[in-house]
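Report on the following structure.
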Amino acid sequence: MKIVYSRKYEARYPANPVENPDRVRLSAQELEKIGYELIEPDTCSLQNISRVHGREHIDRVIKSGHFEAAALSAGGAIKAAELAREGEPAFALIRPPGHHAAANRAWGMCYFNNMAIAVQKIRPNAKRVLIIDIDLHFGDGTVSIFRGDHEVKVVNPGSVDANFDYLTLNAAGYLKQIESALEDNSFDIIGISAGFDTYQEDWGGLLGFDDYQKIGEIIKEGSKCGADRRFALLEGGYHPDLSICIRSFLKGFW
Ligand SMILES: [Zn+2]
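To convert, take the position in the sequence shown, counting from 1, and add 11; that gives our numbering.
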């Protein structure tokens, strides 16, 4: 399985100190050591960014000095989605994350919506798209971008209904929601916004390594019942165990 990665993701840029280069640097080292192949992405073109974001927002990102990093992150997402479209599952070990970026506004250490840019790039070849966002935080940017788009379904497990109460949710309940999202197997491709801050020792305090492996397995099995096309993009995840969470997820996902 290929891991989309660039040494340029280790660049330091002004960000919340939790979103630091070691997150991806140490994970890349670890994944390469156990035999995953790292492949280099291209920077995302302005044209592809513009399919999702308005000119004003793009200009703001340019002014903030984050454009280069954000465009390379989006480029990594596109590479993973394209590999998946060709039938090869892929994981993009990218930063900055993207799921809090809407068309014209962004927060939470996000600038461009990597998932949305990747999905728009592979359409119309992949017509129906299922996005499952396993980050602790609700992927409001992605939901906002695809609202009203009947061919893209975005699922945030743990946030599926108005009565949602994270504090009464256990790992089994969380996994069950992912299973039900995959009951509909009419999707051409599945994209995972893979944030790992729901991890037991991270902010979310819920999922263990085994749970991440199970999540990967559930998605793989669900994907195989359909078009068997899947990719995942790194979103959040800030604990030093991030590389183990990713490794566990990939063990099931591949
Ligand atoms: Zn998060």
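The beta carbon of each residue, even a glycine, is placed where N, CA and C say it ideally should be.
Owing to the predicted nature of the structure, the values given are computational and were not obtained by experimental measurement.
Which residues neighbour ligand 1 when neighbourhood means a C-beta less than 5 Å away from any of its non-hydrogen atoms? List them by chain order. 146, 147, 148, 206, 208 and 247
Does the Cβ-Cβ distance between residue 75 and residue 105 come in under 8 Å? no
Given 8 Å as the limit, is there contact between the stretch 131 to 142 and the stretch 25 to 41, that is, 3 or more CB pairs closer than that? no
Considering just the uninterrupted stretch of the alpha helix (DSSP H) at residue 17, what are its terminal residues? Here residue 17 belongs to no alpha helix (DSSP H), and DSSP marks it neither H nor E.
Identify whether residue 48 lies in helix, strand or coil by the three-state DSSP scheme. strand
C-alpha distance - residue 247 paired with residue 194, whole-angstrom precision: 26 Å
Going residue by residue through the stretch 82 to 162, where are the continuous beta strand (DSSP E) segments of at least 3 residues, counting only ones entirely within it? 101 to 103 and 140 to 144
Between the beta-carbon of residue 185 and the beta-carbon of residue 256, is there less than 8 Å? no
Within its chain, find whatever has a CB closer than 6 Å to the CB of residue 201; leave out the 5 residues flanking it on each side and keep chain order. 141, 234 and 241
Determine the extent of the alpha helix (DSSP H) in which residue 238 is found, giving its start and end residues. Neither: residue 238 is in no alpha helix (DSSP H) and is coded neither H nor E.
Per DSSP, what kind of secondary structure is residue 184 in: helix, strand or coil? helix
Cβ neighbours of residue 169 in the same chain (closer than 7 Å, five flanking residues each side left out): 175, 177, 180, 185 and 188
DSSP bridge partner residues for residue 204 (one or two, in chain order): 144 and 244
Could you name the residues of the same chain whose beta carbon sits closer than 7 Å to that of residue 49, not counting the 5 residues immediately before and after it, in chain order? 14, 16, 39 and 43
Look at residue 145 and residue 82 and say whether their C-beta atoms are less than 8 Å apart. no
C-beta neighbour in chain C for residue 52, strict 8 Å: Of the protein chains in this structure there is only one, and it is not chain C.
Counting along the chain, where does the alpha helix (DSSP H) carrying residue 67 start and finish? 66 to 75
Just to confirm the assignment, what range does the alpha helix (DSSP H) spanning residue 253 have? 253 to 264
Looking at residue 61: is its Cβ nearer than 8 Å to the Cβ of residue 69? yes
How far does the alpha helix (DSSP H) with residue 59 in it extend, from its first residue to its last? 57 to 61
Using only CA atoms, which one of 182, 126, 147 and 183 lies nearest to residue 164? 126
Given a threshold of 16 other Cβ atoms within 10 Å of its Cβ, counted over all protein chains shown, does residue 215 qualify as buried or as exposed? buried
State the Cα-Cα distance for the pair residue 77 and residue 101, rounded to the nearest angstrom. 25 Å
So what's residue 218 in DSSP terms, helix, strand or just coil? strand
Under the three-state DSSP convention, the category residue 210 falls into: strand
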